[in-house]
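For reference, the structure is listed below as structure tokens.
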Amino acid sequence: MIVQFPAHARVGKIVAKENFYGNIDNSTKNLFQDEIARIIWEYKLAPETINLSAKNWQEIEVFRIMLKNSSISEKILKTIDSVIPYPILFLVESGSLEKAIICFKEQNQKDENFAKVDTYFATEWNDKRLENIKIDGLNIDAVFNNFVRQVAGNKLSRDAEKSSQSPSSIKEDIEKLKERVKIQKQIDVLTRRIKLEPSIGKKQELAEERFRLKQLILN
Numbered sequence: 006m007i008v009q010f011p012a013h014a015r016v017g018k019i020v021a022k023e024n025f026y027g028n029i030d031n032s033t034k035n036l037f038q039d040e041i042a043r044i045i046w047e048y049k050l051a052p053e054t055i056n057l058s059a060k061n062w063q064e065i066e067v068f069r070i071m072l073k074n075s076s077i078s079e080k081i082l083k084t085i086d087s088v089i090p091y092p093i094l095f096l097v098e099s100g101s102l103e104k105a106i107i108c109f110k111e112q113n114q115k116d117e118n119f120a121k122v123d124t125y126f127a128t129e130w131n132d133k134r135l136e137n138i139k140i141d142g143l144n145i146d147a148v149f150n151n152f153v154r155q156v157a158g159n160k161l162s163r164d165a166e167k168s169s170q171s172p173s174s175i176k177e178d179i180e181k182l183k184e185r186v187k188i189q190k191q192i193d194v195l196t197r198r199i200k201l202e203p204s205i206g207k208k209q210e211l212a213e214e215r216f217r218l219k220q221l222i223l224n
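Start counting the sequence shown at 6; every next residue gets the next number (the working numbering).
The following block contains the structure:
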């Protein structure tokens with residue numbers, strides 16, 4: 006195991022897959038059965054286990070998921086994340102390979118028993134970033150935000166003038182990432198159109214629009 010936390014935060018309990026079958030369809034149940042060998046509640050990171058104060062989030066769960074093959078469907082992760090009202094750091098194993106996956110979650114203001122699932126980030130298998138996943142922050146919220154940044158790596162920009170302790174700053178960066186992804190899709194469409202466009206004048210017009218969009222990503 007590459008990623009480990011303090012022993013006094015360890016839970017080490019097997020979680021039955023059936024616990025997540027409550028309100029899911031048969032196709033999702035089949036994904037659990039086909040892809041997941043075992044789920045272990047590995048750690049509970051909370052004030053009483055890591056001696057940090059709680060703010061908005063009371064605790065962070067660390068789940069180790071052992072796969073039957075080498076892939077895991079995001080639908081499985083969303084199912085687990087939706088019913089557990091705390092952030093979860095997933096440590097996914099396939100044989101000797103390990104990767105980390107985490108979702109930026111927000112509290113559900115309408116129902117505290119469920120969480121709002123947003124964007125997922127993942128390392129590569131046996132990524133060097135795994136060695137950098139550590140408890141970093143003055144409270145549970147900050148630890149969670151930094152887990153997201155540690156797993157996401159350079160996918161999230163980090164403004165030196167912003168505090169990593171601020172939940173709003175990471176949310177802002179995630180919104181910027183979504184916008185960059187959206188713009189990149191537009192660029193890809195324009196690139197295909199430029200290749201197919203017979204008119205030189207139209208090609209130039211499309212190329213100028215593509216250049217404008219590329220500048221938006223860079224800024």
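By construction, the Cβ of each residue, glycine as well, lies at the ideal position given by its N, Cα and C atoms.
Along the chain, where does the alpha helix (DSSP H) that runs through Ser32 open and close? 31-40
Measuring alpha carbon to alpha carbon, tell me which residue in Tyr125, Pro90, Ala212, Lys110 is nearest Val194. Ala212
Ile44 vs Thr84 beta-carbon contact at 7 Å: no
Residues that DSSP places opposite Glu111 in a beta bridge: Lys121
Let me make sure I understand the geometry here. Which of Ile222, Ile179, Ile19 has the alpha-carbon closest to that of Phe68? Ile19
Is there contact here, the segment 93-104 with the segment 57-74, by at least three beta-carbon pairs under 8 Å? yes
What number of angstroms, rounded off, separates the C-alpha of Val35 from the C-alpha of Trp46? Note that residue 35 corresponds to Asn in the displayed sequence, not to Val. Roughly 21 Å separates the two Cα atoms.
How long is the line joining the alpha carbons of Val88 and Val148, rounded to whole angstroms? 21 Å
Whether Val156 touches Ala105 by CB criterion (7 Å): yes
Stretch-stretch touch, CB-based, cutoff 8 Å, three pairs: the segment 109-117 with the segment 129-139: no
Which residue's Cα is closest to the Cα of Phe216: Ile199, Asp123, Ile205, Ser204? Ile199
For Ile192, which option in Glu177, Leu218, Gly27 has the closest C-alpha, if you only look at C-alpha atoms? Leu218
Rounded C-alpha distance that separates Lys22 from Asp86: 13 Å
Applying the 10 Å Cβ sphere with the 16-neighbour rule, what's the burial state of Ala12? exposed
For Asn150 and Asp39, I'd like the C-alpha separation in whole angstroms. 32 Å
Proximity of Lys49 and Val8 at Cβ, strictly below 7 Å: no
Could you tell me how far apart the beta carbons of Leu182 and Tyr125 are, in whole angstroms, since I believe they sit closer than 8 Å? With 8 Å as the limit, Leu182 and Tyr125 do not qualify as a contact, their Cβ atoms being about 12 Å apart.
Can you have a look at Glu180 and say buried or exposed, based on whether 16 or more other CB atoms are within 10 angstroms of its CB? exposed
Residues near Ala59 by beta carbon distance below 6 Å, same chain, minus five either side: Pro52, Ile145
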